[in-house]
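Heads up: the sequence shown begins at 256 in the working numbering, then just goes up one per residue.
Note sheet for the following structure.
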Amino acid sequence: MKHLLIRPALAADLPALVDIFNHYVVHGHVTFAVVPHTVASRRPWFDSFGDGPHQILVGESGGVVVGCAYSSRYRPGPAFDTTVETSIYLHPNERQSGVGSRLYAELLKRLAAQPLHLAVAGVALPNPASLALHRRMGFDEVGTFREYARKHDTWISSTWFQRRVGLAVASSATSAEDTQYAGRPSPIS
Ligand SMILES: CC(C)(COP(=O)(O)OP(=O)(O)OC[C@H]1O[C@@H](n2cnc3c(N)ncnc32)[C@H](O)[C@@H]1OP(=O)(O)O)[C@@H](O)C(=O)NCCC(=O)NCCS
């Protein structure tokens, strides 16, 4: 198994991360962005991460950044303080060797120590690797937005997933659904 150092991203990693993202901006649809990023344009995004609910981890192999996994605010407003959207991008040459699973698992492990309830993730279709990764990481499929976005003159559908995190919050909070479904298993696993 490849040696992989997983650690919080540093500002010095940003150029490598921009290169990785730009591959997917230019090629294909896994990100909806259409204009390539620059280090300067990506700096505010990078500065939004820290050691709280919104974290960015990188995988480093042989001194080279091979990918990142991160959690971001899902929607504005205090109602969504306990929800994050998670995502992951690997260098195209580093796919299909288990790096994605190791990096995402470490992010989810770290998020479990945060006051969070839910992680959600959208997967633009087709993307069999990301679908498999989210299922492997314990995400449940919520549903698919059909023709959800448009990129390169093509309609793109997106399947959304959710996963419970932050057990401290989950065990103490009452959800409207728990009340509605009292006596039956929660629909959120
Ligand atoms: C999605 C991604 C992070 C997965 O990471 P990875 O290191 O390639 O995946 P892993 O090797 O850890 O494998 C995870 C699962 O995906 C499956 N998988 C990986 N590549 C696959 C492919 N091309 N086709 C089908 N399944 C694939 C593996 O078999 C494994 O499934 P299993 O648990 O059922 O055995 C990586 O492929 C990637 O960066 N892709 C481009 C960016 C992207 O799509 N990001 C996600 C945006 S939602």
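For every residue, glycine included, the Cβ atom is placed at its ideal position computed from N, Cα and C.
For F416, the enclosing beta strand (DSSP E) has its first and last residue at T409 to R419. Rounded to the nearest angstrom, the Cβ distance from V420 to A374 is 5 Å, consistent with a contact under 8 Å. Under the 8 Å Cβ criterion, the segment 344-353 does not count as touching the segment 289-308, having fewer than three qualifying pairs. In this structure, P291 has its CB at a distance of at least 7 Å from all heavy atoms of ligand 1. The three-state reading of DSSP puts G314 in strand, counting E and B together. In this structure, S342 and K257 do not form a Cβ contact; the two beta carbons are roughly 22 Å apart against a cut-off of 8 Å. In terms of Cα proximity to S296, the closest of L269, P263 and T399 is L269.
Between R418 and L366, the alpha-carbon positions lie close to 11 Å from each other.
For the set V313, A379, A384 and R390, the Cα lying nearest the Cα of A288 is the one of A379.
Look at L388: its beta carbon is less than 7 Å from one of the heavy atoms in ligand 1. The beta carbons of V294 and T286 sit about 17 Å from each other, so the pair does not count as a contact at 8 Å. Counting other Cβ atoms within 10 Å of its Cβ, T414 reaches 16 or more and is therefore classed as buried. Y325 has its CB no nearer than 7 Å to any heavy atom of ligand 1. Nearest neighbour of S412 by Cα position, chosen from I261, P381, S326 and G332, turns out to be P381. R328 and T337 have their C-alpha atoms roughly 9 Å apart.
Our two residues, A324 and P308, have alpha carbons roughly 13 Å apart in a direct line.
V354 and Y403 have their C-alpha atoms roughly 29 Å apart. Between the alpha carbons of L272 and L265 lies a distance of about 10 Å.
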